[in-house]
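Enquirer: Questions regarding the structure given below will be posed in turn.
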Amino acid sequence: MFEPYVVTVSSEKGGVGKTTLATNLAIYLKALNEELPVTLFSFDNHFSVDRMFRLGRTKPKGDMLDLLCGTPLADLLELGEYGVQFIPSSRKLESIAHRINRCDVLAKALAGSDLKGIIIIDTRPTLDIFTQNALFAADRVIVPVKDTPSLENCRNLYDFFEDQGLSKRSLRLLPCLIDSRVHYDGPFKNAYQLVKGYAINRGYRCLEGYIAKSPKVESLNTNPEGKIYPVLTHGRGTNVHLQFAHLARQVFINAKEETQRRLEQVRQENEEIEQNRDKNFLTRRDLLLHDCLICGRQLVHHNAMEPASYFYTTSDGQVAGFLDEACFCALVFRHCYHTQKKINATDPLVDLFRESALRSYFILGHTHDSVTAGTHNLLFYRFDEEGFEISHKSIELRKTETRFLNKGPSALYRLASKTLFHEDTPIKERFLFIRRINSEFPEDILLDENYAQLDAAMHYIGSKLSLNPMD
Ligand SMILES: Nc1ncnc2c1ncn2[C@@H]1O[C@H](COP(=O)(O)OP(=O)(O)OP(=O)(O)O)[C@@H](O)[C@H]1O
Ligand SMILES: [Mg+2]
2 MFEPYVVTVS SEKGGVGKTT LATNLAIYLK ALNEELPVTL FSFDNHFSVD
52 RMFRLGRTKP KGDMLDLLCG TPLADLLELG EYGVQFIPSS RKLESIAHRI
102 NRCDVLAKAL AGSDLKGIII IDTRPTLDIF TQNALFAADR VIVPVKDTPS
152 LENCRNLYDF FEDQGLSKRS LRLLPCLIDS RVHYDGPFKN AYQLVKGYAI
202 NRGYRCLEGY IAKSPKVESL NTNPEGKIYP VLTHGRGTNV HLQFAHLARQ
252 VFINAKEETQ RRLEQVRQEN EEIEQNRDKN FLTRRDLLLH DCLICGRQLV
302 HHNAMEPASY FYTTSDGQVA GFLDEACFCA LVFRHCYHTQ KKINATDPLV
352 DLFRESALRS YFILGHTHDS VTAGTHNLLF YRFDEEGFEI SHKSIELRKT
402 ETRFLNKGPS ALYRLASKTL FHEDTPIKER FLFIRRINSE FPEDILLDEN
452 YAQLDAAMHY IGSKLSLNPM D
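So for the sequence shown, the numbering used here puts the first residue at 2; every next one is plus one.
Now the structure itself:
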């Protein structure tokens with residue numbers, strides 16, 4: 002079976018013939034080999050794909066936006082005219098652009114599907130996130146160029162490939178809308194030779210041949226049925242017909258000869274990322290202390306976790322675990338609000354704290370000259386999610402305290418002694434980083450995607466504290 006080969010048609014210049022190229026290439030490829038599944042995805046904003054491929058008055062199953070938002074490919078693919086499958090463009094692409102902030106969304110969706118054959122992606126005349134997704138998934142990028150401005154625009158495509166670490170071998174320019182009636186004196190005899198010469202001069206590779214500017218092609222868009230007709234059925238006997246046929250053969254041969262597939266590469270990279278993600282998760286999980294340091298309740302079991310509300314880790318990652326909701330809350334109320342009485346879980350203040358803690362990072366650390374005449378002071382900071390300090394407070398660390406007629410190790414000592422001290426000697430450079438958990442599965446915080454955010458915040462806050470050392 003023909004493993005999926007993705008051809009993206011892209012140029013930042015508008016009106017260079019991208020959609021004409023993408024749609025006709027799909028039809029010529031299908032005509033070349035009936036067995037070959039050919040699929041067309043459109044990000045175009047003229048919605049020509051619908052006019053060209055929709056069978057009768059069938060209702061669209063969905064569009065490219067649905068695919069990017071997670072709808073399975075199989076639920077969206079439609080079989081259209083000329084045996085080409087397609088997914089139309091969406092009128093809401095712009096409104097969602099800010100939510101798609103990665104360029105591998107489409108590649109991952111395709112890599113996770115069982116789509117075969119050749120997939121052609123038509124793009125808009127901009128390097129927006131949708132075009133980036135189409136480029137990221139591509140085995141072959143065809144860049145139609147018709148003049149010097151469209152050639153200059155190629156630089157950005159090459160830069161995108163450079164930035165993403167993608168092979169630029171997949172990029173190929175194709176002179177399009179070439180006026181074959183124009184002839185020049187000098188080394189370049191016509192517009193095709195000129196554009197091709199300029200391209201090669203700039204180090205760009207070109208496909209063989211070109212697509213000429215043809216009144217026939219222009220006329221295929223305008224007819225009483227409101228359809229767009231393909232060159233294959235309505236432009237036989239023209240030069241553009243031969244040019245499209247030649248182009249389709251090149252693409253087909255390239256696809257057959259190419260042994261490595263981009264989507265397969267994406268799939269393998271994903272697998273590696275998943276394996277590393279699992280490994281990192283288990284490494285972090287193995288390091289967790291099992292009990293809440295303050296009350297001693299076991300929160301981490303071999304295969305499961307008790308619900309817990311706060312995650313802590315030392316700044317060097319050596320000691321980490323969870324804290325019971327009530328324990329941490331009581332600690333903060335005792336030392337920051339000087340509450341002496343037992344905290345009632347239904348107290349509205351507790352609710353307020355619990356809610357605002359979701360958007361905070363808490364830090365407990367040593368002061369610089371913290372050991373004075375038998376007492377030791379710690380600093381307790383609260384930062385917001387942007388890393389701005391909300392408050393800080395110096396707290397005396399007492400080993401014992403009498404609470405509700407019981408005398409024993411203080412809650413603060415229980416927390417600090419196991420994290421900020423080694424056998425009662427302060428580990429000066431360490432601080433304790435505490436974050437409220439926002440999930441019913443506390444261990445989710447250990448997953449790469451969540452932990453990375455935590456780690457970045459910890460480093461950012463750490464760097465602020467070392468610039469502005471704890472006094
Ligand atoms: N080979 C050709 N000969 C003559 N006209 C053409 C040819 N190719 C495309 N055109 C015409 O040029 C116009 C622009 O073509 P097309 O829509 O394919 O460009 P595009 O690059 O997709 O544009 P956009 O960037 O706006 O999406 C259309 O009217 C189309 O009919
Ligand atoms: Mg277009």
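Ideal Cβ placement from N, Cα and C applies to all residues, glycine included.
Starting from the N-terminal end, write out each residue whose C-beta falls within a distance shorter than 5 Å of any non-hydrogen atom of ligand 2.
Expert: Answer in sequence order: 19, 20 and 45.
Enquirer: Determine the burial state of residue 260: buried for a count of at least 16 other Cβ atoms within 10 Å of its Cβ, exposed for fewer.
Expert: exposed
Enquirer: Answer yes or no: do residue 108 and residue 264 have a C-beta to C-beta separation smaller than 8 Å?
Expert: yes
Enquirer: Does at least one heavy atom of ligand 1 sit under 7 Å from the Cβ of residue 383?
Expert: No, Cβ of residue 383 sits at least 7 Å from all heavy atoms of ligand 1.
Enquirer: Would the stretch 117–124 count as touching the stretch 8–26 if we require 3 or more Cβ pairs under 8 Å?
Expert: yes
Enquirer: In the DSSP assignment, what residue or residues form a beta bridge with residue 306?
Expert: Within the DSSP secondary-structure output, residue 306 pairs in a beta bridge with 301.
Enquirer: What did DSSP end up calling residue 182 once you bin it into helix, strand or coil?
Expert: coil
Enquirer: Select from 138, 454, 60 and 143 the residue whose C-alpha is nearest the C-alpha of residue 262.
Expert: 138
Enquirer: In the DSSP assignment, find the beta strand (DSSP E) that holds residue 86 and state where it starts and stops.
Expert: 86–88
Enquirer: Going by DSSP in three states, residue 207 sits in which element: helix, strand or coil?
Expert: strand
Enquirer: Going straight from the alpha carbon of residue 472 to that of residue 142, what length do you get?
Expert: Since pLDDT at residue 472 reaches only 46, below the 50 mark, its modelled position is unreliable, and the value read off the structure follows with that caveat. Computed Cα separation, rounded: 58 Å.
Enquirer: Go ahead and label residue 81 buried or exposed: buried means 16 or more other beta carbons lie within 10 angstroms of its beta carbon, across all protein chains shown.
Expert: buried
Enquirer: Could you give the DSSP three-state label for residue 196: helix, strand or coil?
Expert: helix
Enquirer: Check whether the Cβ of residue 92 lies closer than 7 Å to any heavy atom of ligand 1, and answer yes or no.
Expert: no
Enquirer: Residue 423 bridges to which residues according to DSSP?
Expert: Residue pairing from DSSP places residue 423 in a beta bridge opposite 426.
Enquirer: I need the boundaries of the beta strand (DSSP E) containing residue 378, first residue and last residue.
Expert: 376–385
Enquirer: Looking only at its chain, what residues have a beta carbon closer than 6 Å to the beta carbon of residue 307, apart from the 5 residues adjacent to it on each side?
Expert: Excluding sequence positions up to five before and after residue 307, its CB lies within less than 6 Å of the CB of 300, all in the same chain and listed in chain order.
Enquirer: Got a sec? Which residues, its chain only, sit under 8 Å from residue 421 by beta carbon, not counting five neighbours each side?
Expert: 315, 365, 366, 367, 379, 427, 428, 431, 432 and 433
Enquirer: Can you find the residues in the same chain that come closer than 6 Å, C-beta to C-beta, to residue 174, ignoring five residues on each side of it along the sequence?
Expert: 144, 146, 200, 205 and 207
Enquirer: Relative to the C-alpha of residue 234, which candidate in 286, 324, 150 and 53 has its C-alpha closest?
Expert: For the options 286, 324, 150 and 53, the alpha carbon positioned closest to that of residue 234 is the one of 53.
Enquirer: Under a three-way DSSP split, which group does residue 363 fall into?
Expert: strand
Enquirer: To the nearest angstrom, report how far apart residue 100 and residue 331 are at their CA atoms.
Expert: 39 Å
Enquirer: Relative to ligand 1, is the shortest distance from any of its heavy atoms to the C-beta of residue 214 smaller than 7 Å?
Expert: At least one heavy atom of ligand 1 is found less than 7 Å from the C-beta of residue 214.
Enquirer: Kindly examine ligand 1 and report whether one of its heavy atoms sits closer than 7 Å to the Cβ of residue 125.
Expert: Distances from the CB of residue 125 to the heavy atoms of ligand 1 include at least one below 7 Å.
Enquirer: With a 10 Å radius around its C-beta and 16 neighbouring C-beta atoms as the bar for buried, classify residue 165 as buried or exposed.
Expert: That one is exposed.
Enquirer: CB residue 446 to CB residue 384, shorter than 8 Å?
Expert: no
Enquirer: Going straight from the alpha carbon of residue 1 to that of residue 258, what length do you get?
Expert: Shown here, the chain extends from 2 to 472; a query on residue 1 therefore has no answer.
Enquirer: Excluding the 5 residues flanking residue 217 on each side, which residues of the same chain have their C-beta closer than 7 Å to its C-beta?
Expert: 236, 239 and 241
Enquirer: Beta-carbon separation of residue 252 and residue 85 under 8 Å?
Expert: No, Cβ-Cβ distance for residue 252 and residue 85 is not below 8 Å.
Enquirer: Can we say the stretch 114–121 touches the stretch 167–183, given the rule of at least three CB pairs closer than 8 Å?
Expert: Touching, no.
Enquirer: Give the secondary structure of residue 336 by DSSP, where H, G and I count as helix, E and B as strand, and everything else as coil.
Expert: Three-state DSSP puts residue 336 in a helix.
Enquirer: Quick one, are the C-beta atoms of residue 310 and residue 287 less than 8 Å apart?
Expert: no
Enquirer: Measuring straight from C-alpha to C-alpha, what distance separates residue 435 and residue 389?
Expert: 15 Å
Enquirer: For residue 141, report the span of its beta strand (DSSP E) as first-last.
Expert: Its beta strand (DSSP E) spans residues 141–146.
Enquirer: Where DSSP assigns a beta bridge to residue 321, which residues make up the other side?
Expert: 289 and 314
Enquirer: Under 8 Å, with one C-beta from each stretch per pair, do the stretch 273–289 and the stretch 440–456 reach the 3-pair mark?
Expert: Three or more pairs of CB atoms, one per stretch, sit closer than 8 Å, so the stretch 273–289 contacts the stretch 440–456.
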